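Read in the working numbering, the sequence shown has 34 at position 34, and its numbers run on one by one without any break.
One structure is given below, encoded as structure tokens.
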Amino acid sequence: MGLRLGFDIDGVLADFQTALGSACQDLIGIEAGLVSARDLPTVELKRAWRRIIRTPNWWTTLSAYEPDQIARLYDLTRRNRWEVFFLTKRPPTVGDTVQVQTQWWIESQGFYLPSVATVPSSRGEIAQALRLDLVVDDQFVECVDCIGSSAAKALLMLRDTADQATHDQATSQGIGIVSTLAEALDVIEQLDTLVGSKSGALARLKNWFSFATEDNPVLPMNPRETRPLPTPRS
Numbered sequence: 001m002g003l004r005l006g007f008d009i010d011g012v013l014a015d016f017q018t019a020l021g022s023a024c025q026d027l028i029g030i031e032a033g034l035v036s037a038r039d040l041p042t043v044e045l046k047r048a049w050r051r052i053i054r055t056p057n058w059w060t061t062l063s064a065y066e067p068d069q070i071a072r073l074y075d076l077t078r079r080n081r082w083e084v085f086f087l088t089k090r091p092p093t094v095g096d097t098v099q100v101q102t103q104w105w106i107e108s109q110g111f112y113l114p115s116v117a118t119v120p121s122s123r124g125e126i127a128q129a130l131r132l133d134l135v136v137d138d139q140f141v142e143c144v145d146c147i148g149s150s151a152a153k154a155l156l157m158l159r160d161t162a163d164q165a166t167h168d169q170a171t172s173q174g175i176g177i178v179s180t181l182a183e184a185l186d187v188i189e190q191l192d193t194l195v196g197s198k199s200g201a202l203a204r205l206k207n208w209f210s211f212a213t214e215d216n217p218v219l220p221m222n223p224r225e226t227r228p229l230p231t232p233r234s
């Protein structure tokens, strides 16, 4: 059985802060990139959120931090038989549901058929319910919740490598630290190897050659090429 993994979206895959900052800067009329959204007054943030909520399918417009790594995650997921769940607390906007917008965005980055859970509740509770082995999140409090409320381990995505205080606080509680998605995937590959090694050499060899055999057929890596959407009936 492969690893069961949970990935937060904003801050891990999608560059939410830049998109929010742009929305704020458009409203107050300053040049993009001069001010971080974190530094703006609450009233400006609320105005930006009102604009976001009124923008159709806004969640599909965000940029990815590392687009190639999302495609890499898909490849690793298929080849290692991982089960991946994308977790988000995004609020709804005009247009499609948050789940559909997020699925659309993830597929556009090269990860097909993503499982997206829109969960406003505790991240630890969802990790426990889904029996996750590992969760990758950019919020320290969510990582703490995961390890405290479930059997899952946690990786904190700390893109601000100068934040030594958060780094030390996380490591003191047994939370792993990564600064990029590429680094997170490296860690998960190592974990997968470690978990697999506990099954014995014979089992490892069996698993190594089990990806595409007649006894263990797999679906195409790109399902959209062979499974077009049906035409709706009128």
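Backbone N, C-alpha and C define an ideal beta-carbon position, used for all residues, glycine too.
Just so we're clear, the structure is a prediction, and the values are computed from it rather than from any experiment.
Buried is the label assigned to proline 114, since at least 16 other Cβ atoms lie within 10 Å of its Cβ.
Annotation for leucine 156: the continuous beta strand (DSSP E) segment containing it runs 153–157. Apart from the 5 residues on each side of it in sequence, serine 63 sits with its Cβ closer than 8 Å to the Cβ of Ala14, Asp15, Thr18 and Ala19 in its chain, given in chain order. Closest in alpha carbon position to valine 116, among Leu134, Asp133, Thr97 and Gly174, is Thr97. Annotated three-state conformation of isoleucine 106 is helix, per DSSP.
Assignment of glycine 148 by DSSP, reduced to helix, strand and coil, places it in the helix class. Between aspartate 192 and threonine 166, the alpha-carbon positions lie close to 27 Å from each other.
Between glycine 2 and arginine 81, the gap from beta carbon to beta carbon is short of 8 Å. In the three-state reduction of the DSSP assignment, isoleucine 177 falls in the strand class, which pools E and B. Under the three-state reduction of DSSP output, alanine 162 falls in the coil class, being neither helix nor strand. For phenylalanine 140, the three-state secondary structure derived from DSSP is helix. The region 4–12 makes contact with the region 135–149, as at least three CB pairs between them are under 8 Å.
In the DSSP assignment, aspartate 10 forms a beta bridge with Ala14. Assigned with DSSP and collapsed to three states, glutamate 83 falls in strand. In the three-state scheme derived from DSSP, where H, G and I count as helix and E and B as strand, arginine 50 is classed as helix. Membership of alanine 117 in the beta strand (DSSP E) is indicated by the continuous run 115–118. Taking 8 Å as the cut-off, the Cβ atoms of leucine 76 and arginine 47 do not count as close. Boundaries of the alpha helix (DSSP H) harbouring arginine 123: 123–129, taken from the DSSP string. Around the beta carbon of serine 150, 16 or more other beta carbons lie within 10 angstroms, which makes this residue buried. Of the residues assessed, isoleucine 53 falls on the exposed side of the cut-off, its CB having fewer than 16 other CB atoms within 10 angstroms.
Going by C-alpha positions, valine 187 is about 29 Å away from glutamine 101. Threonine 171 is classed as exposed because its beta carbon has fewer than 16 other beta carbons within 10 Å across all chains shown. As DSSP reads the structure, arginine 4 sits in a beta bridge with Glu83.
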